[in-house]
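Undergrad:
Chains as they are written, first to last, in our numbering: chain A, 5 to 330; chain B, 23 to 737.
#1: Under 7 angstroms Cβ to Cβ from residue 79 (chain B), same chain only, skipping five residues before and after it: list those, please.
#2: Under 8 angstroms Cβ-Cβ, which residues of chain B neighbour residue 74 (chain A)?
#3: Give me, in chain order, the residues of the same chain whose beta-carbon lies closer than 6 angstroms to that of residue 606 (chain B); leave out the 5 immediate sequence neighbours on both sides.
#4: Closer than 8 angstroms is the cut-off here; do at least three beta carbon pairs connect the segment 191-198 of chain B with the segment 142-160 of chain B?
#5: Beta carbon of residue 561 (chain B), beta carbon of residue 268 (chain B): below 8 angstroms?
#6: Are the beta-carbon atoms belonging to residue 154 (chain A) and residue 292 (chain A) less than 8 angstroms from one another?
#7: Excluding five sequence neighbours on each side, which residues of the same chain lie with their C-beta closer than 6 angstroms to the C-beta of residue 370 (chain B)?
#8: Which runs of the beta strand (DSSP E) fall wholly inside the segment 324-369 of chain B and span at least 3 residues, in chain order?
#9: Let me check understanding here. Comparing Cα to Cα, which of A:298, A:202, A:226 lies closest to residue 236 (chain A)?
#10: Jot down the residue ranges of each uninterrupted beta strand (DSSP E) in the segment 285-326 of chain B, minimum 3 residues, whole runs only, in chain order.
#11: Please state whether DSSP places residue 89 (chain A) in a helix, a strand or coil.
#12: Might you give, ordered along the chain, the residues of its own chain that have their beta carbon closer than 8 angstroms to the beta carbon of residue 274 (chain A), omitting 5 neighbours on each side?
#13: Along the segment 53-65 of chain A, where does the CB come closer than 9 angstroms to a CB of chain B? Name the residues.
#14: Starting from the beta carbon of residue 115 (chain A), find every residue of chain B whose beta carbon is closer than 7 angstroms, and list them in chain order.
#15: Flag residue 31 (chain A) as yes if its beta-carbon sits less than 8 angstroms from any beta-carbon of chain B, otherwise no.
#16: Is DSSP giving residue 266 (chain B) helix, strand or coil here?
#17: Under 8 angstroms between the Cβ atoms of residue 487 (chain B) and residue 420 (chain B)?
#18: If I'm right that residue 216 (chain A) touches residue 281 (chain A) with Cβ under 8 angstroms, what's the distance once you round it to whole angstroms?
#19: Across which residues does DSSP place residue 498 (chain B) in a beta bridge pair?
#20: In three-state DSSP terms, what is residue 82 (chain A)?
#21: For residue 468 (chain B), I'd like the list of residues in its chain whose CB is within less than 7 angstroms of its CB, leaving aside the five on either flank, ordered along the chain.
#22: List the endpoints of the continuous alpha helix (DSSP H) containing residue 425 (chain B).
#23: On the DSSP letters alone, give me the boundaries of the alpha helix (DSSP H) that residue 657 (chain B) sits inside.
#24: Which chain B residues sit within Cβ distance under 7 angstroms of residue 201 (chain A)?
#25: So which residues of chain B does residue 206 (chain A) contact, with C-beta pairs closer than 8 angstroms?
#26: Cβ of residue 142 (chain B) within 7 angstroms of any heavy atom in the ligand SAM?
#27: Mind checking residue 130 (chain B): buried by the 16 CB within 10 Å criterion, or exposed?
#28: What separation, rounded to the nearest whole angstrom, lies between the Cα atoms of residue 187 (chain B) and residue 706 (chain B)?
#29: Taking just the CA atoms, how far does residue 123 (chain B) sit from residue 88 (chain A)?
#30: List the residues of chain A whose Cβ lies closer than 7 angstroms to the Cβ of residue 684 (chain B), in chain order.
#31: Check whether the segment 43-60 of chain A and the segment 137-150 of chain A touch, using three or more Cβ-Cβ pairs below 8 angstroms as the test.
#32: Note down, in chain order, every chain A residue with its Cβ under 7 angstroms from the Cβ of residue 23 (chain B).
#33: Does the Cβ-Cβ distance between residue 175 (chain B) and residue 102 (chain A) come in under 8 angstroms?
#34: For a minimum of 4 consecutive residues, which ranges assigned as the alpha helix (DSSP H) are wholly contained in the segment 42-87 of chain B?
#35: Quick one: is residue 148 (chain B) near chain A, going by C-beta distance under 8 angstroms?
#36: Could you pull the start and end residues of the alpha helix (DSSP H) that residue 102 (chain A) belongs to?
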């Protein structure tokens, strides 16, 4: 609108030769020039960084923190929009910073919903502003690569019935779980619940130590995941595979909550076993990275010794769209 | 002051400047101005929920439509369309001010204010417009920046059906931390580069105006005595009017060392040859175009290099008469430039050395008068024997004047001696502005026989009639006599109060000779020497500079500046090569000292002082970060702040460069006791504040309990 009015004033000035209109035109053009310069100034000496969440599941929102630091000595920066750009995924939410004072940092966060499991590469920040007059948008890219491992989506599943299946060989194993009794202490590992940390021992030993609790039952569940891709697999099969992985992850989560030890086997590998009371992250990470293999020449499905559950893609044919008419 | 309050006052400031600029030029009548002013002030009270009521908006729309209908009817009835259009645009602005709901209305107010500023360019070219423009230079960045920020706030905190979100917008607008004094000072400082850029662009725009829509601008100044006739007593009674009408730079003032503060510069305007007893007029009114030699207009002869040059800056007067110093033989008037083409001015001259110019721009005139030092040039003017009787006309009933003239000149042997004797006798009278009623007698008879006191017109009329009774062709001349040095502008100014009357008599062998029979102590204007007088001088210098350097700026001056820059550039290059060349050779046409650099420097200094004060204050004050807390997250935010205080008390304050999550993870990695609770509270805080996740009261209570584990309250 302002630019249109400026053009109108310019036309009027040329038409009339009125010096005062030239003066107003000069002012309006100067405002436009100044707007461009100040927009650049807003984005000068600005640093951005992010803090990723510990866990992120496909299809579920996670919160990513963004921090914007203004290193300018005197000038605050106003009205900056930050887009955390990802490779191969559209970013639909942006963070808005109304004001970042000089020599200060402002923190905001946004919700991102990863569309699929796997490694989400966050490549760079796009900082943009229309300050001060909203006439033009100036933007700047800040390269900052980070990877977020996205776990499979968790879906509602019926908890598997698991019997105490410890064999004689397993009798020596400590029966870990979520029971009320403390089974012992061990060193902290990634994914451990922070509430399990034993602070007194941690302070004494100088490293993080967590409490382990006994589980209420002594069962183990092996989930067999079949990722063999049949010849001619279509899009429906890939969708079914993702659903199967989600179901497998959800089953594992439920089983762990019920006090079972869980591990995964597939044609091309196996996951670490996760004992009761341990966080499910090792098997989620394994599931986040698993991919389909061609069925031709693929190794046979392993046969676990104890209780097991087979999870395989169950594709539902995609109906072609039919034109309806009267 | 909150963002909303600051935005409101800046909005009203900008709208006020726009509406005020519409008041320039006198197109709007006083009652209309009062109504606009009242409505403008009343609209300040319109805010809050009232402006969101549909009835309020509908009422304003109906009122505007009704006003439009009324204006159309008035237009049909013959009222001036420009005034009606101005009234309606003012009403539009008032309606926007009374309906300030969101950024969109504020944008409309800014645009309307700019349009008002544009409209005012056809209303006035006075310095008041310059003041309004300067106000815009300062206020426009405030207004545009605040309106843009408001638009962004509304966009990022949408007023969607969720009342909590709408409340967030209100909360941010009510915040005092977003903008403040530092913002105002910093943005006001932008006006300096803005002004410089505007000036540069103003000079750089090619002046090739097509002139399709040119308007006459500004009301001319009325100065009595230069029209078709003048009634006795009309000129001399304006002695106390300080309105400056003419500025003169006599020769030799280019580098003034110590100019006299007051001088008597005689600038001749026009003359009259017919007196009917109370009124002077001209027998012949027809005027012929003056010959033109380039930009020169010879009156007696073509100018020579030996002639002295008087620079004269004439205001836009009701009577476009050209004022000339004594013994002027020619004038130089620069052409007008239209569509990039120079168009010579048309000057016309009538009998009695009445020279006038066409003034389509209504901008006044800047011209040069050439004055001859050779007295013989006066002889080049011939008097037509057929017309001489017009300079000898006598009114009826003035026989006593003739008797007195003969008595005063008895024994005189030449016309010059007779004229000098009459001049000397009249100078023995007393100067006075207090005139009495002459009764049945002609006023002139009462003046010379009884009163023996009066003002300049009485003296000049008496001398003219006396000389005519003696057969000496004489004309009554009106002009200006005076001159006060303006140290800021570098010129002598002559005011309306300097209007004066004297005579020119034809002396054989000398030509037209000036005689001034008014006593020397003709009631000099009160001369101020205090601060107010200096201020008045500075204002006039700025006004002159405004009219001359801005309003009348044209292609010729652009060329001059271009040449000056080119010569300067070449000079610098030659200096660099060891040569010496005057940098000022071929400089801009104007040699008068300009006030703009001083004004600019003063402005910059003022800004620097204000900015420095703000910086010192801001250093003392703690810098607070802008907070944007949704309603739903307040509990979580309060809890997290409590946590931060507790951690700081334990020596684990969060470094400014770490995010809350980074800090919590770092504490966990370092094995700080209670770090798990810190992480949990931090995650919930992030989810609530940025993720829009509402936290139940029970959950808050549980987190608060964990908080107590981390920072137990003292027993």
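Glycine residues also receive a C-beta, built at the ideal position from the N, C-alpha and C atoms.
TA: To lay it out plainly:
#1: Take residue 79 (chain B), set aside five residues on each side of it, and the residues of its chain with a beta-carbon closer than 7 angstroms to its own are 121, in chain order.
#2: Ordered by position in chain B, no residue passes the 8 angstroms Cβ test against residue 74 (chain A), which lies about 11 angstroms from the chain.
#3: Because residue 606 (chain B) sits at a pLDDT of 41, beneath the cut-off of 50, its placement in the model cannot be relied upon, and the following sentence gives the value as read from the coordinates. The beta carbon of residue 606 (chain B) sits closer than 6 angstroms to no other beta carbon from its chain once the five residues preceding and following it are set aside.
#4: The segment 191-198 of chain B, when compared against the segment 142-160 of chain B, does not touch it at the 8 angstroms Cβ threshold.
#5: Cβ distance not < 8 angstroms, so residue 561 (chain B) and residue 268 (chain B) don't count as in contact.
#6: The Cβ-Cβ distance between residue 154 (chain A) and residue 292 (chain A) falls below 8 angstroms.
#7: Cβ within range, chain order: 309, 311, 378.
#8: Given a length threshold of 3 residues, each whole run of the beta strand (DSSP E) inside the segment 324-369 of chain B is given here in chain order: 330-336, 350-354, 358-360, 363-365.
#9: Closest option to residue 236 (chain A), Cα to Cα, is A:298.
#10: DSSP runs (the beta strand (DSSP E)) wholly in the segment 285-326 of chain B: 301-303, 309-311, 318-320.
#11: Strand at residue 89 (chain A).
#12: Cβ within range, chain order: 267, 268, 306.
#13: For the segment 53-65 of chain A, residues whose beta-carbon sits nearer than 9 angstroms to a beta-carbon of chain B comprise 53, 54, 55, 56, 57, 58, 65.
#14: Think of a sphere of 7 angstroms around the beta carbon of residue 115 (chain A): the chain B residues whose beta carbon falls inside it are 713, in chain order.
#15: Yes, its Cβ sits closer than 8 angstroms to a Cβ of chain B.
#16: In the structure shown, residue 266 (chain B) sits in a strand (DSSP, three-state: E or B).
#17: In this structure, residue 420 (chain B) lies closer than 8 angstroms to residue 487 (chain B) by Cβ.
#18: Under the criterion of beta carbons closer than 8 angstroms, residue 216 (chain A) and residue 281 (chain A) qualify as touching, at roughly 6 angstroms.
#19: Partner(s): B:294, B:525.
#20: DSSP places residue 82 (chain A) in strand when its eight states are reduced to three.
#21: Closer than 7 angstroms at Cβ, skipping near neighbours: 460.
#22: Segment 421-430, the alpha helix (DSSP H) holding residue 425 (chain B).
#23: Segment 656-671, the alpha helix (DSSP H) holding residue 657 (chain B).
#24: Within chain B, the residues near residue 201 (chain A) are 698.
#25: Listed along the chain, the chain B residues whose CB falls inside 8 angstroms of the CB of residue 206 (chain A) are 693, 695.
#26: Absence of the ligand SAM is noted for the structure shown, with no ligands found whatsoever.
#27: Residue 130 (chain B) counts as buried, since no fewer than 16 other beta carbons sit within 10 angstroms of its beta carbon.
#28: Below a pLDDT of 50, predicted positions are generally treated as unreliable, and residue 187 (chain B), at 49, falls in that range; the measurement from the model is reported next regardless. For residue 187 (chain B) and residue 706 (chain B), the distance between alpha carbons rounds to 20 angstroms.
#29: Using only the alpha carbons, I get a separation of about 33 angstroms.
#30: Neighbours of residue 684 (chain B) on chain A, chain order: 55.
#31: They touch, by the three-pair rule.
#32: Within 7 angstroms Cβ-Cβ: nothing; residue 23 (chain B) doesn't reach chain A, min ~16 angstroms.
#33: Taking 8 angstroms as the cut-off, the beta carbon of residue 175 (chain B) is found closer than this to the beta carbon of residue 102 (chain A).
#34: Those alpha helix (DSSP H) runs which fall completely within the segment 42-87 of chain B and span 4+ residues are 52-65.
#35: Using a Cβ-Cβ cut-off of 8 angstroms, residue 148 (chain B) does not count as an interface residue toward chain A, since no Cβ of chain A sits closer than that to its own.
#36: Where residue 102 (chain A) is concerned, there is no enclosing alpha helix (DSSP H), although the beta strand (DSSP E) it sits in stretches over 99-104.
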